[in-house]
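Asks:
Chains as they are written, first to last, in UniProt numbering: chain D, 1 to 425; chain R, 1 to 425.
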């Protein structure tokens with residue numbers, strides 16, 4: 001990985017070029033010495049292979065049967081981007097997917113984008129934008145998905161893959177109460193970047209957008225600052241911006257049976273290229289924060305069907321006690337969303353809280369960016385949201401303002417493979 | 001602090017009420033057991049005073065000679081809000097400032113808003129919105145500032161304090177290149193919330209906004225996800241979204257002389273009520289990320305006058321080497337902004353990177369939310385920005401799109417005192 005010029009003499013010109021070797025060594029030192037901060041002079045003197053090896057600390061493996069970022073323990077921060085493909089050229093799209101795969105493998109390992117060949121050329125733009133230099137991998141995962149419009153748009157088979165569109169990748173129906181902004185909905189492609197450091201997640205999306213210039217453009221993107229779900233059952237359930245713990249009984253990333261039954265597309269479910277993949281529904285859910293904050297504690301607890309402080313389901317003492325659905329109001333969120341009310345239906349949630357400043361009326365533009373992975377959207381999100389959108393007491397306080405649906409292919413298994421190879425190959 | 005009802009018997013009704021005692025105990029357990037997550041059942045069983053004491057871990061003292069959040073080592077995340085006062089009633093404004101002070105003292109200590117008297121009443125809204133329950137204090141600081149329009153607006157002395165307006169609290173001049181959005185500029189009041197956990201910072205601003213309902217409304221707000229400055233000299237200088245270390249030689253929070261000379265208003269500087277305070281300039285600086293990313297490494301390094309990888313000033317080897325300004329291009333940012341080019345002028349920077357999704361053209365709405373504290377804006381930010389806006393090579397890649405100026409009073413010294421007491425009292 002090291003460019004030959006990294007070891008050449010330090011002329012004045014050379015000193016102005018960041019060397020991959022020293023940069024990775026410096027990143028490694030940052031990991032080893034911890035987040036409390038290290039003297040950068042001391043850190044910068046640690047180069048070489050030992051440092052480079054330490055640069056992988058905190059990295060989630062990119063290669064595997066499934067894409068990382070789905071069953072992976074939920075990281076603290078999110079940057080999600082939906083892209084429009086701006087070319088009609090299938091070869092250009094395939095070339096981009098190959099480039100993206102290489103870049104994603106590098107960044108998730110805590111390395112820079114690029115192969116070192118351009119870094120030394122002062123007259124060229126750097127391969128990597130640089131704002132994550134010195135930061136550890138931070139459990140970055142990058143997860144790609146293909147939207148319905150990639151397969152067919154306005155009746156047109158844009159890239160020769162219309163016949164390969166999974167039946168499960170439906171155009172989502174309109175639900176009661178939806179107030180969807182087309183500028184925050186849809187997309188031909190998506191990339192979900194999750195990391196424990198927001199700078200690492202933002203860096204990743206930005207560099208993918210940059211690589212894609214001329215082939216794709218960002219349609220919309222969303223930052224999430226606080227995870228609202230956990231896929232590690234032993235962890236505390238985080239609170240959403242309504243101050244409640246929700247999604248207590250999420251699918252655990254370690255629960256192979258639940259993942260098999262509810263998350264991963266299986267052979268025979270649809271086209272073979274999706275086996276081991278999953279369907280992602282993204283919904284931007286605005287919360288009417290100011291109205292919620294004026295409602296009484298009992299109203300708030302009735303809406304969820306659980307206590308605010310402890311998070312215990314009505315009629316129980318502790319958050320993780322099995323709920324007694326009959327003790328809850330019939331329109332309470334927990335009761336309506338519970339698997340027992342939905343024939344055992346489960347989805348894997350990875351939602352994040354967002355706050356995007358203030359709207360024109362001085363209200364916080366805040367809420368939940370809901371991300372759900374499932375084996376078949378027709379049998380999971382759609383019936384669940386039909387039920388919730390019709391009856392959920394929470395509807396008085398929320399509005400769905402963005403929506404998208406993507407088929408996330410299985411994992412890239414080897415370093416020669418690329419995102420979407422089975423679909424396009 | 002504990003409400004009497006917290007120890008009463010657990011009837012079904014009581015079980016639905018969050019008890020401050022158990023909630024604070026639970027928060028304490030979260031701190032003690034670390035961020036890796038604890039079993040919430042186990043944590044919830046730890047109540048009482050031992051837990052409550054641990055809830056203060058990671059708290060920055062609220063009371064003191066100066067407001068916290070200025071010289072305090074820069075926290076990881078920011079939520080900044082500017083407010084318009086919507087009442088003309090001085091007594092209502094004073095009452096709000098007293099309420100805010102109590103709430104700020106509680107939240108910075110890792111406690112809930114409120115005195116516990118309302119929490120037990122199911123028919124009333126909870127005092128605290130709840131999304132920070134269970135989270136540690138996370139070094140939260142809340143810093144208040146008073147804008148020029150609080151003293152005088154449209155020629156009107158709104159609250160009888162026009163005569164107390166500091167001369168240093170000028171209406172900022174228009175600088176070349178400014179493209180200010182009035183909806184992201186100005187404000188009668190501001191609160192800067194900094195914390196190591198974004199949920200804690202967002203919670204604080206939201207609860208202050210909620211307390212202020214009917215008296216103030218949020219004019220604009222800004223989330224910052226990555227600090228770009230450090231006030232702890234031993235820490236690594238963070239990188240901005242251009243991938244560069246900037247502001248290497250910031251004023252250290254421990255450098256009493258520099259703080260005295262450049263940050264804190266001194267007796268005789270202006271009105272007595274500002275002694276020990278500081279003037280804050282906030283600028284939302286959009287970066288033309290896509291243009292920057294297409295520019296060559298040498299162009300990027302010439303713009304800053306330092307190397308990208310190591311961050312060393314031109315002609316030097318290491319980031320913290322004293323710069324040789326003559327080795328840099330005359331229009332480079334480091335050279336123009338350096339104290340030696342500005343008669344020793346220094347400001348204390350606490351800027352944060354922001355990314356607010358995408359604009360209508362598919363470009364990231366990203367950049368630097370610049371926050372600078374100084375003893376007298378007329379002698380610090382204004383001459384510096386005059387110089388930079390006229391000549392800085394960086395101007396090709398940035399645009400100032402929001403601007404505000406605030407007088408931040410000295411600290412609240414005792415628990416009976418309130419924000420702005422010396423101004424209004």
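Just so it is clear, CB atoms sit at the ideal spot from N, CA and C, and this is done for glycine as well.
Quick one: which chain R residues come within Cβ less than 9 Å of residue 130 of chain D?
Replies: What residue 130 of chain D touches in chain R: 239, 242, 243, 244, 300, 308 and 309.
Asks: Taking DSSP's pairing of strands, which residues face residue 278 of chain D in a bridge?
Replies: According to DSSP, residue 278 of chain D bridges with D:408.
Asks: Hey, which unbroken runs of the beta strand (DSSP E) at 3 residues or more fall wholly within the UniProt domain "Dyp-type peroxidase N-terminal" (67-225) of chain D?
Replies: Qualifying beta strand (DSSP E) stretches, in chain order: 77-85, 141-146, 189-195 and 216-224.
Asks: Under 9 Å, Cβ to Cβ, is there at least one residue of chain D near residue 195 of chain R?
Replies: Not one chain D Cβ lies under 9 Å of residue 195 of chain R.
Asks: Any beta carbon from chain D within less than 9 Å of residue 353 of chain R's own beta carbon?
Replies: Taking Cβ atoms only, chain D reaches closer than 9 Å to residue 353 of chain R, which makes this a yes.
Asks: Between the region 178-206 of chain D and chain R, which residues of the former have CB atoms less than 7 Å from a CB of the latter, in chain order?
Replies: So the list reads 198, 199, 202 and 206, given in the order they occur along the chain.
Asks: With DSSP as the reference, please indicate the residues paired to residue 373 of chain D in a beta bridge.
Replies: According to DSSP, which records beta bridges pairwise, residue 373 of chain D is partnered with D:280 and D:348.
Asks: For a cutoff of 9 Å on Cβ pairs, would you count residue 144 of chain D as touching chain R?
Replies: It does not: the Cβ of residue 144 of chain D has no partner Cβ on chain R nearer than 9 Å.
Asks: I'd like the list of long-range same chain contacts for residue 202 of chain D, defined as Cβ closer than 7 Å, with 5 residues on each side in sequence excluded.
Replies: Within the same chain, residue 202 of chain D has close Cβ partners 79.
Asks: Output needed in chain order: residues of the region 374-401 of chain D with a Cβ under 8 Å from some Cβ in chain R.
Replies: Under the 8 Å Cβ criterion, the region 374-401 of chain D contributes no residue.
Asks: Could you tell me the alpha carbon to alpha carbon distance between residue 243 of chain R and residue 281 of chain R, rounded to whole angstroms?
Replies: So the alpha carbons of these two residues sit roughly 24 Å apart.
Asks: Anything in chain R within Cβ reach of residue 122 of chain D, meaning under 7 Å, just list it in chain order.
Replies: Here the neighbours are 296, 297 and 298.
Asks: Residue 331 of chain D CB to nearest chain R CB: under 9 Å?
Replies: It does not; no Cβ of chain R falls within 9 Å.
Asks: Can you pull the chain R residues whose beta carbon is under 7 Å from the beta carbon of residue 358 of chain D, in chain order?
Replies: Within chain R, the residues near residue 358 of chain D are 218, 220 and 221.
Asks: Got a sec: is the Cβ-Cβ distance from residue 12 of chain R to anything in chain D below 9 Å?
Replies: The predicted model places residue 12 of chain R with a pLDDT of 37, which falls under 50 and marks its position as unreliable, so this point remains unresolved.
Asks: So if DSSP puts residue 402 of chain R in a beta bridge, which residue, or which two residues, is it bridged to?
Replies: Its beta-bridge partners are R:284.
Asks: In the DSSP assignment, what residue or residues form a beta bridge with residue 353 of chain R?
Replies: In DSSP, residue 353 of chain R forms a bridge with R:226 and R:368.
Asks: Between which residues of its own chain and residue 384 of chain D is the CB-CB distance below 8 Å, once the five residues before and five after are set aside?
Replies: Within the same chain, residue 384 of chain D has close Cβ partners 337, 342, 345 and 347.
Asks: Using C-beta distances below 6 Å, list every residue in its chain close to residue 81 of chain R, excluding the 5 sequence neighbours before and after it, in chain order.
Replies: 191, 205, 218 and 221.
Asks: Express the C-alpha separation of residue 168 of chain R and residue 388 of chain R in angstroms, rounding to a whole number.
Replies: In a straight line, the C-alpha of residue 388 of chain R is about 21 Å away from that of residue 168 of chain R.
Asks: List, in chain order, every chain R residue whose beta-carbon is nearer than 9 Å to that of residue 212 of chain D.
Replies: Result: empty, since nearest Cβ-Cβ is about 10 Å, beyond 9 Å.
Asks: Taking a Cβ distance cut-off of 9 Å, strictly less, list which residues of the region 333-344 of chain R are near chain D, in chain order.
Replies: Against chain D - using a Cβ distance shorter than 9 Å - the region 333-344 of chain R contributes no residues.
Asks: Around the C-beta of residue 179 of chain D, are 16 or more other C-beta atoms found within 10 angstroms, so that it is buried, or is it exposed?
Replies: Answer is exposed; the Cβ neighbour count stays below 16.
Asks: Closer than 7 Å by beta-carbon distance: list the chain D residues that pair up with residue 293 of chain R, in chain order.
Replies: What residue 293 of chain R touches in chain D: 125, 129 and 210.
Asks: Just to check my reading of the structure: residue 96 of chain R and residue 216 of chain R have Cβ atoms closer than 8 Å, yes? What is that Cβ distance to the nearest angstrom?
Replies: That pair is a contact at about 7 Å.
Asks: Please decide whether residue 290 of chain D counts as near chain R, where near means a Cβ-Cβ distance under 9 Å.
Replies: Yes, its Cβ sits closer than 9 Å to a Cβ of chain R.
Asks: Name the chain D residues that come within less than 9 Å of residue 64 of chain R, Cβ to Cβ?
Replies: Ordered by position in chain D, no residue passes the 9 Å Cβ test against residue 64 of chain R, which lies about 24 Å from the chain.
Asks: DSSP beta-bridge partners for residue 358 of chain R?
Replies: DSSP output for residue 358 of chain R lists R:364 as bridge partner(s).
Asks: Can you tell me the Cα-Cα spacing of residue 92 of chain D and residue 160 of chain D, whole angstroms?
Replies: So the two alpha carbons sit approximately 13 Å from each other.
Asks: By a C-beta neighbour count over all protein chains shown, 10 Å radius and 16 as the cutoff for buried, is residue 129 of chain D buried or exposed?
Replies: Buried, because 16 or more other Cβ atoms sit within 10 Å of the Cβ of residue 129 of chain D.
Asks: Does the count of Cβ pairs from the region 311-320 of chain R and the region 256-270 of chain R closer than 8 Å reach three?
Replies: Flag = no, the region 311-320 of chain R and the region 256-270 of chain R do not touch.
Asks: Let's see if you can read the secondary structure: which residues bound the alpha helix (DSSP H) around residue 306 of chain D?
Replies: Premise fails: residue 306 of chain D is in no alpha helix (DSSP H) and is neither H nor E.
Asks: Do you know how far the Cα of residue 250 of chain D is from the Cα of residue 231 of chain D?
Replies: Each residue's Cα considered, the two are about 6 Å apart.
Asks: List, in chain order, every chain B residue whose beta-carbon is nearer than 7 Å to that of residue 172 of chain R.
Replies: The chain labelled as chain B is not found among the protein chains of the depicted structure, namely D and R.
Asks: For residue 379 of chain R, name the three-state secondary structure that DSSP assigns.
Replies: Three-state result, residue 379 of chain R: helix.
Asks: So residue 296 of chain D and residue 125 of chain R are in contact, right, with Cβ under 8 Å, and what is the actual spacing, rounded?
Replies: 6 Å between Cβ atoms; contact.
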